[in-house]
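Below: the structure, in structure tokens.
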């Protein structure tokens, strides 16, 4: 077990920020209420919801919090809005509004995390660690990343890292996590597998196993398997050559072993795995799809040349799969090949499909209405608007005729008026009879999307939402998170607007805004002595000490710019707007009406007109 040298500091105001392990019922109730609130208010960060649940008490706590959010949402949230879903865990985040990192933590877990980080980051003061833990909700994985960034600025930590790398042997360099230890004096096999230090808490042990030990073991296992495979292939080829049991490939005419060959289904031509892999890659990434792939059965055609005619045999899909998976990057190549084959089959089936806008996944449209059964009529619910739009459309008849005459002969890629009207009518029928939310079931995508605007579905979803407003919200949230500090005593989040870097919370806790170290009683009572006391006639960085500056905010502006630039870059990649001009950071742009800066197309205008005039 790890030595528990440090006990969790008691709160000076008599209030505890965590829940005792004995009160499991209260912990379950709080986490259940947090899940309910996160589901009802999906745009609010769980951090704000946790703070409100701790503020109110009693059996009606959930109802009081919900009522306060409905009446005074901005006052409680304070710009703590959830960012757009991104990354590879989109589907998981959609199913689970509150992750384990956002839930209320048990006291034993907090104690184990605090003790572990105290022992690892000895170069940092405990008040700094407490501040980071309060910001990250005592999540060990996220708090350790932040503390590593803070520790990298300390010369003591740099010296310790240099010594550790100098003393470590070559095989230990890949396992430099503090919680990994290597057993000694147990033989070579035992020394090759690290183990985790016990923390005294099962939840933290499981988290360390999933995030630290398991990836290391999986990587080591993959390396061993690859090495064993290469050795087995070399030995097998040597034994086959000694036994004169090699087979000649009838495509490249090189000798190969029996295990590395396949035969066609008609003339039993022998084809080696490298030729099969190269033919599949050329079909996917080259110009040989029609020549190498047999459409009727979805298999690779025989590659053996014939003097009189072409062999009409095929390579079995099982052999093609083995050949591709043996090569580097074979899993991705096989996935693309199977996806391409599935697309070809779906196209030839001519079924009514619903496609995911972000991948090749498609489903049969269960609510497909044949044209003969769909009845469209004028929208009489808003008769005045319908008549006005019909009269307005009559004025555009000459322009529509001109477009129809010019678009087809000169610009073949432009859609016709008939196709745009048909698309709009089909979309209208779907929105009237089917939910707009489409869930992709591909494990590689799993993104929810909207069937009307074909964008990622965010609850609550609004079609054709302004891209500029979305980008501005994302950048503002990232900039706020970069400057926010959290009091480790009461959990209050705050941002310094002006003044010195010695901040005092409303609960009386004093801390440094730059390094988060506590400055009050119980933390050395340094006060202003924590900051640089040397006179600098020309300003700038002090050359006599490395203490924090009392008034200098040298990193805030650059930190905000970097956070905003990174958020904008991630947003552009997620929305597919990389390189699109006119939607910059957006902070300086004045707010405009949605119809002025929405990404309108002719199809969008046709959809809007049909929706206003036609009913079904």
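Numbering (full-length UniProt numbering), first residue to last: 1 to 616.
Positions of the beta carbon are idealized from the N, C-alpha and C atoms, including for glycine.
Query raised in the report: Excluding five sequence neighbours on each side, which residues of the same chain lie with their C-beta closer than 7 angstroms to the C-beta of residue 170?
Result: One-based indexing of the chain shown puts residue 170 at position 170. Because residue 170 carries a pLDDT of 40, less than 50, the predicted location of this residue cannot be relied on, and the following value inherits that uncertainty. Excluding positions up to five away in sequence, the list is empty.
Query raised in the report: Leaving out five residues before and five after residue 365 in sequence, what residues of the same chain have Cβ atoms less than 7 angstroms from its Cβ?
Result: The residue you call residue 365 lines up with position 365 of the chain shown. Closer than 7 angstroms at Cβ, skipping near neighbours: 352, 353, 354.
Query raised in the report: Candidates 515, 322, 527: which alpha carbon is nearest residue 508's?
Result: Within the chain shown, residue 508 is the residue found at index 508, counting from 1. Among 515, 322, 527, the Cα nearest to that of residue 508 belongs to 527.
Query raised in the report: Looking at the unbroken alpha helix (DSSP H) that takes in residue 506, where does it start and where does it end?
Result: For the purposes of this step, residue 506 is taken as residue 506 along the chain shown, with counting starting at 1. Unbroken run through residue 506: none, as it is neither H nor E.
Query - Proximity to residue 563 [Cα-Cα], best of 472, 540, 536, 489 - result: On the chain shown, position 563 is the one that residue 563 refers to. Residue 563 has its Cα closest to that of 472, out of 472, 540, 536, 489.
Query raised in the report: Could you give the residue range of the alpha helix (DSSP H) that holds residue 387?
Result: Counted from its first residue, the chain shown places residue 387 at position 387. 383-395 is the span of the alpha helix (DSSP H), which, as asked, contains residue 387.
Report task. Tell me whether residue 21 sits in a helix, a strand or coil according to DSSP, three-state version. Result -> For the purposes of this step, residue 21 is taken as residue 21 along the chain shown, with counting starting at 1. Residue confidence for residue 21 is low, a pLDDT of 48 falling below 50, so the modelled location carries little weight and cannot support an answer.
Query raised in the report: What's the C-alpha gap between residue 398 and residue 405?
Result: For the purposes of this step, residue 398 is taken as residue 398 along the chain shown, with counting starting at 1. For the purposes of this step, residue 405 is taken as residue 405 along the chain shown, with counting starting at 1. Roughly 11 angstroms separates the two Cα atoms.
Report task. Could you tell me which of 517, 246, 551 sits nearest to residue 258, measuring between CA atoms? Result -> One-based indexing of the chain shown puts residue 258 at position 258. When each option's Cα is compared against that of residue 258, the closest is 246.
Query raised in the report: Based on Cα-Cα distance, which residue from 47, 336, 308, 98 lies nearest to residue 618?
Result: A question about residue 618 goes unanswered here, because the residues of the chain that appear run from 1 up to 616.
Report task. Pick out whichever of 266, 271, 276 has its Cα sitting closest to the Cα of residue 313. Result -> One-based indexing of the chain shown puts residue 313 at position 313. Residue 266 is the option with its Cα nearest to residue 313.
Query raised in the report: Do the segment 190-204 and the segment 107-120 make contact, defined as three or more Cβ pairs closer than 8 angstroms?
Result: yes
Query - Selection from 338, 128, 574, 394 that minimises the alpha carbon distance to residue 358 - result: Position 358 of the chain shown, counted from the start, is the residue given in the question as residue 358. Ranking 338, 128, 574, 394 by Cα distance to residue 358 puts 574 first.
Requested in this report: Give a yes or no on contact between the segment 302-318 and the segment 268-282, applying the rule of three or more CB pairs nearer than 8 angstroms.
Outcome: yes
Query raised in the report: What does a CB cutoff of less than 6 angstroms around residue 172 pick up in its chain, not counting 5 residues either side in sequence?
Result: As a position in the chain shown, residue 172 is number 172, starting the count at 1. Because residue 172 carries a pLDDT of 41, less than 50, the predicted location of this residue cannot be relied on, and no value is offered for it.
Query - Nearest to residue 35 (by Cα), restricted to the options 289, 543, 104, 68 - result: Position 35 of the chain shown, counted from the first residue, corresponds to residue 35. The shortest Cα separation from residue 35 among 289, 543, 104, 68 belongs to 104.
**Report entry** Distance between residue 439 and residue 12 (C-alpha atoms, nearest Å)
**Finding:** As a first step, residue 12 must be located in the chain shown, where it is residue number 12. As a first step, residue 439 must be located in the chain shown, where it is residue number 439. Residue confidence for residue 12 is low, a pLDDT of 37 falling below 50, so the modelled location carries little weight; the figure read from the coordinates is stated next. Taking the straight line joining both Cα atoms gives about 50 angstroms.
Query raised in the report: Since residue 364 sits in a beta bridge, which residues does DSSP pair it with?
Result: As a first step, residue 364 must be located in the chain shown, where it is residue number 364. In DSSP, residue 364 forms a bridge with 353.
Query - Top-ranked residue by Cα proximity to residue 182, from 150, 216, 200, 152 - result: On the chain shown, position 182 is the one that residue 182 refers to. The shortest CA-to-CA distance from residue 182 to any of 150, 216, 200, 152 is the one to 216.
Query raised in the report: Looking only at C-alpha atoms, which of 68, 231, 514 sits nearest to residue 557?
Result: Working through the chain shown from its first residue, we reach residue 557 at position 557. Nearest option by C-alpha distance: 514.
Query raised in the report: Under three-state DSSP, which class holds residue 547?
Result: Here the question's residue 547 lines up with position 547 in the chain shown. In the three-state reduction of the DSSP assignment, residue 547 falls in the coil class, being assigned neither a helical nor a strand state.
Query raised in the report: Considering only the beta carbon of each residue, do residue 522 and residue 511 sit closer than 7 angstroms?
Result: On the chain shown, residue 522 is found 522 positions in, with the first residue counted as 1. On the chain shown, residue 511 is found 511 positions in, with the first residue counted as 1. Going by C-beta atoms, residue 522 is not nearer than 7 angstroms to residue 511.
**Report entry** Nearest-angstrom Cα separation, counted from residue 53 out to residue 30
**Finding:** The sequence position of residue 30 within the chain shown is 30, counting from 1. The sequence position of residue 53 within the chain shown is 53, counting from 1. Distance between the alpha carbons of residue 30 and residue 53 is about 7 angstroms.
Query raised in the report: If you scan the segment 275-321 from start to end, which runs of the alpha helix (DSSP H) of 4 or more residues do you find wholly inside it?
Result: 289-292
Requested in this report: Within its chain, find whatever has a CB closer than 7 angstroms to the CB of residue 593; leave out the 5 residues flanking it on each side and keep chain order.
Outcome: Residue numbering aside, residue 593 sits at position 593 when the chain shown is read from its first letter. The predicted position of residue 593 is uncertain, since its pLDDT is 44 and thus under 50; a value taken from the coordinates is nonetheless stated next. Once the five neighbours on either side are set aside, residue 593 has no close Cβ partner at all.
Query raised in the report: Taking the beta strand (DSSP E) that residue 122 falls in, what are its first and last residues?
Result: On the chain shown, position 122 is the one that residue 122 refers to. Looking at the DSSP string, residue 122 is not in any beta strand (DSSP E), and its letter there is neither H nor E.
Requested in this report: Would you kindly work out how many angstroms separate the C-alpha atoms of residue 502 and residue 79, rounded to a whole number?
Outcome: The residue labelled residue 502 in the question sits at position 502 within the chain shown. The residue labelled residue 79 in the question sits at position 79 within the chain shown. Between the C-alpha atoms of residue 502 and residue 79 there is a straight-line separation of about 24 angstroms.
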